[in-house]
Amino acid sequence: MDRRAFTRTMRILESRYPVEDWSRGMTPFETLISTILSQSTTVANERRGLNDLRSSVGEITPQRLADTPEGEIAKAIWHAGLVTQKAPRIRGVARALLDDRGDRLERILALPTDRAREELMALPGVGPKTADVVLAMAAGHPTFPVDTHIARIARRWNLVRRTDYESIRAALERWTPPEKRKAWHLAIIAHGRTLCKARNPRCGECPVRRDCDWYQRKRARERRTHRRVRRAATKD
Ligand code: SF4
Numbered sequence: 009m010d011r012r013a014f015t016r017t018m019r020i021l022e023s024r025y026p027v028e029d030w031s032r033g034m035t036p037f038e039t040l041i042s043t044i045l046s047q048s049t050t051v052a053n054e055r056r057g058l059n060d061l062r063s064s065v066g067e068i069t070p071q072r073l074a075d076t077p078e079g080e081i082a083k084a085i086w087h088a089g090l091v092t093q094k095a096p097r098i099r100g101v102a103r104a105l106l107d108d109r110g111d112r113l114e115r116i117l118a119l120p121t122d123r124a125r126e127e128l129m130a131l132p133g134v135g136p137k138t139a140d141v142v143l144a145m146a147a148g149h150p151t152f153p154v155d156t157h158i159a160r161i162a163r164r165w166n167l168v169r170r171t172d173y174e175s176i177r178a179a180l181e182r183w184t185p186p187e188k189r190k191a192w193h194l195a196i197i198a199h200g201r202t203l204c205k206a207r208n209p210r211c212g213e214c215p216v217r218r219d220c221d222w223y224q225r226k227r228a229r230e231r232r233t234h235r236r237v238r239r240a241a242t243k244d
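Reminder that position 38 of the sequence shown reads as 46 in our numbering, one-by-one numbering, no gaps.
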């Protein structure tokens with residue numbers, strides 16, 4: 009897929025999947041905790057983990073979570089899974105964000121994007137994806153976070169040869185106007201959940217199939233097979 013096809017595709021997906029901002033109403037710190045909880049689980053289980061954590065500690069703030077024993081956090085976030093990894097990460101990031109000068113996370117998010125990204129990634133348990141999600145969703149920075157849906161679809165569209173996080177992010181950011189990155193990030197995820205699933209993508213119903221490399225390759229393979237079968241039938 010070239011740049012023109014990508015832009016055409018994204019305009020179609022953008023109108024098909026209106027922006028559903030899952031972070032609306034959350035504080036930036038809640039968005040960060042929600043992103044940590046979302047690792048390797050479904051949206052429903054992440055949300056249950058977040059709500060149970062809120063009920064357990066009263067309010068999701070760095071102070072409350074830093075004061076809560078790891079075991080209690082693990083118990084509260086049980087539905088989100090991987091609690092032995094997530095509970096120490098959550099407590100560790102809460103402790104790292106505590107300081108005497110008010111909300112350190114707000115100060116980080118007020119920095120220019122590259123600096124803010126570096127500072128977020130220096131926090132315990134925060135990798136590039138978590139940092140990009142928090143930057144985009146909590147503070148409107150022009151990052152293009154890459155989750156498993158986006159990585160899979162970028163490969164199907166042949167946007168990038170390499171499969172590492174930074175290569176995919178760079179390719180998407182190169183072709184996406186900064187003011188569109190959040191909306192297009194959400195639109196691709198919605199497409200990945202609805203039609204372009206990991207197994208058995210519903211290409212027949214897909215509005216962007218004419219520009220999709222994966223679909224066009226599949227069709228070319230099917231046509232070759234049909235021709236072979238027809239030739240073999242004629243010889244018989
Ligand atoms: S045509 Fe199929 S593989 Fe391509 S984007 Fe659509 S659903 Fe995904």
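Glycine included, each C-beta is placed from N, C-alpha and C at the ideal position.
What you are looking at is a predicted structure, and each value in this text was computed from that prediction instead of being measured.
Closer than 7 Å: residue i CB and nearest the ligand SF4 heavy atom
| i | result |
| --- | --- |
| residue 223 | yes |
| residue 262 | Only positions 9 to 244 of the chain appear in this structure, which leaves residue 262 out of reach. |
| residue 203 | yes |
| residue 216 | yes |
| residue 163 | no |
Coil, strand or helix - residue i by DSSP
| i | result |
| --- | --- |
| residue 67 | coil |
| residue 85 | coil |
| residue 211 | helix |
| residue 149 | coil |
| residue 132 | coil |
| residue 140 | helix |
| residue 206 | coil |
| residue 61 | helix |
| residue 51 | helix |
Range covered by the alpha helix (DSSP H) that runs through residue i
| i | result |
| --- | --- |
| residue 94 | 91 to 105 |
| residue 199 | 189 to 202 |
| residue 47 | Where residue 47 is concerned, there is no enclosing alpha helix (DSSP H), given that its DSSP letter is neither H nor E. |
| residue 18 | 11 to 24 |
| residue 221 | 221 to 243 |
Whole-angstrom C-beta distance between residue j and residue i, which should lie under 8 Å
| i | j | result |
| --- | --- | --- |
| residue 84 | residue 61 | 4 Å |
| residue 106 | residue 147 | Residue 106 to residue 147, Cβ: 20 Å. No contact. |
| residue 58 | residue 45 | 6 Å |
| residue 9 | residue 166 | 6 Å |
| residue 152 | residue 202 | At roughly 20 Å, the Cβ-Cβ gap does not stay under 8 Å, so residue 152 and residue 202 are not in contact. |
| residue 88 | residue 54 | 5 Å |
Using a Cβ distance threshold of 8 Å, determine whether the segment 158 to 166 contacts the segment 108 to 125, with at least three qualifying pairs required.
no
Are there three or more Cβ pairs, one per stretch, closer than 8 Å when the segment 96 to 110 is compared with the segment 125 to 144?
yes
Should the segment 171 to 185 be regarded as contacting the segment 231 to 244, the criterion being three or more beta carbon pairs within less than 8 Å?
no
Within 8 Å, do at least three Cβ pairs link the segment 180 to 195 to the segment 20 to 27?
Short answer: they touch.
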